[in-house]
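Residue numbering for the sequence shown follows this note's numbering, beginning at 247 and increasing consecutively. No residue lacks a Cβ here, since even glycine has one placed at the ideal position from N, Cα and C. First comes the structure, then the notes that go with it.
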Amino acid sequence: MPPDTLEFEEPIAVLLKEVEALSMMESTPERIREIAALNRRVESIRGDLYARLTPWQRVLVARHPARPSVLDYVNRLFTEFTEIYGDRRFADDHAIVTGMARYKDQPVLVVGHHKGGRDTKQKIFRNFGYARPEGYRKALRAMRLAEKFRRPIIAFIDTPAAYPGVESEERGISEAIALNLREMFALEVPILVVVHGEGGSGGALGIAIGDRILMHEFAIYSVIPPEGCAAILWRDSNRKVEASEALKLTAPDLMAVGIIDEIVPEPIGGAHTNLDAAASLLDTALDRALRTVSAVPADERLDARYRKFRAMGSVGIIEQGA
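Okay, here's the thing in structure tokens:
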């Protein structure tokens, strides 16, 4: 199988290999029809597979190396993007990207995690999406600028977690995330959050306080990765499949308990199969959400934002106690 093929996509990979072999042969009307039939079968199987993904399979899709990054969406949905670097205290953290831009000609601030994509050098450069304290401080510096210039904030979430290294602790990762949480609740400008890949723990939450939380169909959002959960609960990280089911980390699960506000559909086969289509689907949801949130007076928006997060978890607690 190709290196980017997910374990449950093997039937698709076999058919695509047949298509590739036929495409290298001399073109004839019969062969063209055969290739077209195989491609239709591929789309049919892909649609069936993605219509009934298990939680663990959704984890694999969310972590796909070709999953669109924040810059993929910036390049397709925004104009005049001007990146902001550094926290003015220690360094620039490349795991978080932020900058001023225009969305449908409206000035906005974009901030988001970046894992680095397929390229190994880029992954190392971006620290695989594990943000350090200076990344969260850079994000807050940019968000305060957005507040000053009355620009809505659009945050893209895709990280396994905050960086857990010793130097991260030495520079105050917990304080940096906690400060962001406090300050984002007080920002008067509209804030939209898009969980488009992996929303991991406090590393995700550090830039994920918002008025509307949108989540891609095959993204995940959880307090801990399934492997870590399995290792803690059962001392066996191999029970990650079981843990992924228990964590309720899928978009439908989170929508049901009020953690997110809207599920953004993806192209058949996931956002990584068609970046332009994925961006178009997000554009529709983003535009609608921004118009809705911007129409609310700032004081009402702040109050609703606070109440929204205070209410999180109450649905599950009430049902469990009933």
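Ala259 and Leu438 have their C-alpha atoms roughly 37 Å apart.
Taking Leu284 as reference, the option from Ile466, Leu261, Pro301 and Val435 with the minimal CA-CA separation is Leu261. In terms of CA proximity to Asp549, Met430 leads the group Asp507, Val307, Leu493 and Met430. Under DSSP, the beta-bridge partners assigned to Glu508 are Leu460.
Residue environment for Arg304: buried (at least 16 other C-beta atoms within 10 angstroms of its C-beta). Residue Ala312 holds the alpha-carbon nearest to the alpha-carbon of Lys369 among Leu355, Arg396, Ala312 and Arg322. Ranking Ala392, Glu380 and Tyr331 by CA distance to the CA of Gly418 puts Glu380 first. Counting the other Cβ atoms within 10 Å of the Cβ of Met270 gives fewer than 16, which makes it exposed.
Val440 carries a strand assignment under DSSP once its states are collapsed to helix, strand and coil.
With fewer than three CB-CB distances shorter than 8 Å, the region 456 to 467 does not count as touching the region 405 to 421.
Here Glu326 carries a strand assignment [DSSP, helix/strand/coil]. If you check the CB distance, Ala502 and Glu463 do not come in under 9 Å. Looking from the CA of Leu252, the closest CA among Ile291, His310 and Pro301 belongs to His310. In this structure, Tyr409 places its C-beta atom within 9 Å of the C-beta atom of Asn373.
In this chain, the beta strand (DSSP E) harbouring Ala401 covers Ile399 to Thr405. Judged by DSSP secondary structure, Ile342 falls outside any alpha helix (DSSP H) and instead within the beta strand (DSSP E) spanning Ile342 to Tyr349. About 33 Å separates the beta carbon of Val288 from that of Phe324, a gap too long to meet the 8 Å contact definition. For Tyr467, the enclosing beta strand (DSSP E) stretches over residues Ile466 to Ser468. Where Pro301 is concerned, the enclosing alpha helix (DSSP H) starts and stops at Pro301 to Ala308. In the three-state DSSP reduction, Thr519 falls in the helix class (H, G or I). For Leu433, there is no enclosing alpha helix (DSSP H), since its DSSP letter is neither H nor E.
Nearest in C-alpha terms to Arg364, of all of Ala541, Ser273 and Pro314, is Pro314.
Closest in alpha carbon position to Lys486, among Pro472, Gly559 and Glu326, is Pro472.
Ranking Leu268, Phe254, Asp351 and Ile400 by CA distance to the CA of Ala535 puts Ile400 first. Under the DSSP definition of a beta bridge, His359 partners with Ile342. Of the residues assessed, Gly411 falls on the exposed side of the cut-off, its CB having fewer than 16 other CB atoms within 10 angstroms.
Secondary structure at Pro379: helix, using DSSP grouped into helix, strand and coil.
Each residue's CA atom was taken as its position, placing Leu479 and Leu495 some 17 Å apart.
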